[in-house]
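Working notes for the structure below.
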């Protein structure tokens, strides 16, 4: 049972890493889009 639990924890850890990277990319894209909008308004 312990081995299975560890295996699941490792899978969860990998999924978390994936989700965190994805969210960081989305946030970076959102900031870039907002910067472009502001530049458009100012220009």
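Numbering (the working numbering), first residue to last: 693 to 735.
Using N, Cα and C, we set each Cβ at its ideal position, and we do this for glycine too.
Just so it is clear, the structure is predicted and the values come from calculations on it, not from any experiment.
Alpha carbon to alpha carbon, what distance is there between residue 698 and residue 715?
-> 25 Å
When DSSP labels each residue in this structure, what does residue 698 get in the three-state scheme?
-> helix
Which of the three DSSP states, helix, strand or coil, is assigned to residue 724?
-> helix
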